[in-house]
Amino acid sequence: MLTKFILHIGETEYELQDDDLRNWDEIRCSYKRASYDGVVRSFTSQFEFVNRAKELLLEIYLKDRFNAQAYISVLTSSDRWIYEERFRCPLDFSTVSWEAYTLKINSVDNSLAALIKANKSTKYEFAIGSELFRDAMFNFDRMPMKESLTYEFTQGTQYDNCADILVRFDKDQLPWVGNVGSEITINGTLDWRDDQETEPSSYLFNVIKDVEVEMEYELEWRTDTGYGYGTNLGIRIRRNGALVDVTYGANDGNGGYFAFPSRQTLYNQGTYSNPGALPDVNSLDHKEGSYAIISGLVWVVQYNGRGYIWKGTGKTPTEYFVNRRSGRVPLKLQAGDTVFMDSSFSTFGGNFQFVTIRFIKSKFTFKWMGVGNSVNIEVFKPKKIATQLLRKIAADHVNVDVFISEHDPRIANTYLLAAESARGILGAKFYSSFNEFCDWMATVFGYVYYIGNPQPSKYKYIRTCGEYEGSSWNYVDETYVGSVNTNNIVYIPQHARFLYHDTTNGKLYVRWPGWTDYNHPGHGHPRTDTLYRILELSSTDLYYFDEYAGSSLYPKVYDHSEDYIGNDGQTVYFVHRSEVLDPSANVRVFPYCRGLKYSVDTSVIYSTITAGYDKKDYDNINGRDEFNFNNTYTTGCTVSDKTLSLLSKYRADCYGIEFAVQKRGEDTTDTTSDKDVFFVLCSFVDGDLTADRSLEIQNSLTGAVFNGAFSPMACIRANAGYIGLQADEMTLRFASSTGNSSIVISGEAMSGDITLDTPLATCGTIEFTTDEIDDIADVNELIEVEDDGVIYRGFLKEVDIKYAKTEAAKYKLIVKEIEL
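Numbering-wise, my numbering puts 528 at position 543 of the sequence shown, and it's gapless, one number per residue.
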């Protein structure tokens, strides 16, 4: 393989000769694929220079000391006999040492790969609106929240030995009902009271806006205490000054009320030691209404067809005398309605002014769905977040760009948002590490990243220009002579060039001292390798120009900061694993190999798979409806007890966004979720960016839930080829879910099993040695070797190549297939 090593010192480029390096044999390039991701390339760390190369480096070091700058680039000859740069590495002058004939110096491992490795776990913060600019505004139309009010009879005589209460109902008065609990988060549907008092004008709640409410009631009372004969209770609605009937159902209805059984008061005949001691039924005044207690059990008088007798019930008083009633009542309420509880009973000709009932339980729960007002939240595309993170990591060393594959169509419509933005916090920030972003991409989309070859910087300089001039002035094809004020260098769109404005005589000049820093000396129009700060347009934004295409040349905003100017660029590619382990990739055949060894990579054999998102605990009953947490599956593997955890720190739970929005206004309150990142699959509806609800999601509290496309099952599907490495076909058996496991998304049950049959490769690896040492043009190609009549094809996992020395290379491959 034809190789050149170029030493770059300032503007000097010196091709290293055979006698310029003592350690040619140690210079190598390493390729390594970790975790079935993209291939990472690294270079040797130390050079030992002699002769002319030593002299050049010593000279610059003695001149500039630690500020000296130099780097080495490695070029190899391509199939077209053109030398192409493969690597470059800066030299670290803080490591320089020399003796009689040799200067030793380490290369600086400040490649983007090394910078990422060192800083990938660092969590960065970005001020939204100043460091991180939104891509769109997400119109969050809120989640309907299940809200409730619970009332009980709270006024009455308490019993000493139990929680029962004897409640009195007075003629012409409302019953006293007290609120004993509420689950209200939106608080915009009902105006409720703590107590309904006894005055006729009292009530439980007023209705603020139209709503459907369901009342659930549970009643338990004793018939051996109190006198509640003929008592009816009911929920009443007062609308526009008139009462509206409430329908309770065939069994519960009684003129708009649910009624107590018409059962007369029982007469206690006392406590006895045995049945023989019971009084004669013929001497009793109230035969069928009589009862007695023997050994703690109830005996009653019953008619057996011939006469009255005592008969044992086998039940205690608590069991025998308790009546129960429960039900559900739908209420269609309108704004302005007043809802209250009413009671009625027979006065028997005015002899009774009140009745009493001994309640064991009296529970009335009103439930409805409340929806808050829509809010707008700043959101960002994945590419922007990845780019900002990588530019933080690269600092001023590398100019970073990002490419994200469209292999997964969900990517195009996925937006991220900060929890602080959802909360509406002033000065909201976006918090994330690069690791968290990569884990999210891997878990949700099955994406991994690799780093492309360095590219020379497009923009070398920043030039400050004067006030933007939209004037129709014509220019003179002359050279301005005199001192130059950069504020007088202006860009004139109609001429598509920078001109110098002499404010003394009012002329615009084509040339002035330094004019070629702004306009190209050939066509005379703006340089395309320069950034410009044009003061009237912005004091901070930078602008660039496209290639000259006539007179209609206008500046465009450049989204890099000054720190990246003059640095070489690198692109980070996020692609699906099937794109780096592509079964249809080109095949490179090695005609000779030796020492081939096959083994199983046990690191990809798992007995359990957990996929999805970290479980979040909500302080709200509605959180039980959330399904986007994580699912656990078993693989059926019995030779390993390892678990593969595919968990994203970024959150897809729609209720999490709702609860964050509900905290708007609590600016002084910090929560554990404030630094979280959410993401949403979106679509445009009537010009608004809203949550995409095109997938059918069943068994949820409301049809407003979203992000079904990012369910734990979807995470499994996105990583099917990776999870399935251990078998050509495998069934993941559902074990458990930390979310709502009854959810069904597009016909697929959350609790269902999943069959995988599209592995990207196998869990086998081979190692071999070959004399084929040419540089690897395509790190994702399939490599084919034959040994003992068996053909192996696989993807590169690891290899070291020594450019300057003809030496056999030892390869390690991920086996895709074996052909006998």
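Glycine is no exception: its CB is placed at the ideal position from the N, C-alpha and C atoms.
Within the DSSP secondary-structure output, M200 pairs in a beta bridge with V314, F351. Scanning the segment -9 to 41 from its first residue to its last, no whole alpha helix (DSSP H) run of 4-plus residues comes out. Beyond the five residues adjoining it in sequence on each side, R512 comes within less than 7 Å, by CB distance, of Y503, N504, H505 in the same chain, given in chain order. Looking at the DSSP output, T556 bridges to D386. Fewer than three pairs of CB atoms, one per stretch, sit closer than 8 Å, so the segment 769 to 776 makes no contact with the segment 587 to 605.
In the assembly as shown, D677 is a buried residue. Its beta-carbon has 16 or more other beta-carbons within 10 Å. By the C-beta density criterion, R649 is exposed, having fewer than 16 other C-beta atoms within 10 angstroms.
Relative to the Cα of F138, the nearest Cα in the group I345, V198, K300 belongs to I345.
In this structure, Y432 places its C-beta atom within 8 Å of the C-beta atom of M426.
A Cβ-Cβ distance of about 5 Å is found for the pair E201 and R313, placing them in contact under the 8 Å criterion. A637 and V665 have their C-alpha atoms roughly 7 Å apart.
Each residue's CA atom was taken as its position, placing A121 and E33 some 54 Å apart. Nearest C-alpha to A720 among D157, I739, G774, R518: I739. Between V192 and Q338, the C-beta gap is not smaller than 8 Å, which leaves the two residues out of contact. C-alpha of D526 to C-alpha of C423: approximately 30 Å in a straight line. At least 8 Å separates the beta-carbon of N384 from that of D514.
Closest by C-alpha distance to E405, out of I396, R395, Y416, is Y416.
Straight-line measurement puts the Cα of C14 at about 7 Å from the Cα of R26.
In this structure, DSSP gives V165 an extended state, which the three-state scheme calls strand. DSSP lists L493 as the beta-bridge partner residues of H486. Taking 8 Å as the cut-off, the Cβ atoms of L97 and Q555 count as close. Here N571 is exposed. Its C-beta has fewer than 16 other C-beta atoms within 10 Å. In this structure, the beta-carbon distance from Y517 to P540 falls below 8 Å. In the DSSP assignment, A277 forms a beta bridge with W284.
The alpha-carbon separation between G292 and V307 amounts to approximately 27 Å.
By the C-beta density criterion, G641 is buried, having at least 16 other C-beta atoms within 10 angstroms.
Ranking F663, W177, Q711, L88 by CA distance to the CA of Y635 puts F663 first. Counting only unbroken stretches of 3 or more residues, the beta strand (DSSP E) elements lying wholly within the segment 722 to 792 are 739 to 741, 749 to 755, 767 to 772, 775 to 786, in sequence order. Sequence-distant partners of T399 (beyond 5 residues in either direction) whose C-beta falls short of 7 Å from its own C-beta, in its chain, are P367, F664, L666. In the DSSP assignment, L402 falls within the unbroken beta strand (DSSP E) covering 399 to 403. If you look at I396, you'll find it isn't in any alpha helix (DSSP H); DSSP assigns it neither H nor E. When A19, V59, R50, M354 are compared, the shortest CA-CA separation from E(-2) is found for V59. Put simply, the segment 739 to 759 touches the segment 705 to 716. At least three CB pairs are less than 8 Å apart.
Closest option to T135, judged by alpha-carbon separation, among D179, G412, F123, R7: D179. Just measuring C-alpha positions, the residue of K801, L251, T619, A112 sitting nearest I370 is A112.
Between the alpha carbons of E44 and A38 lies a distance of about 10 Å.
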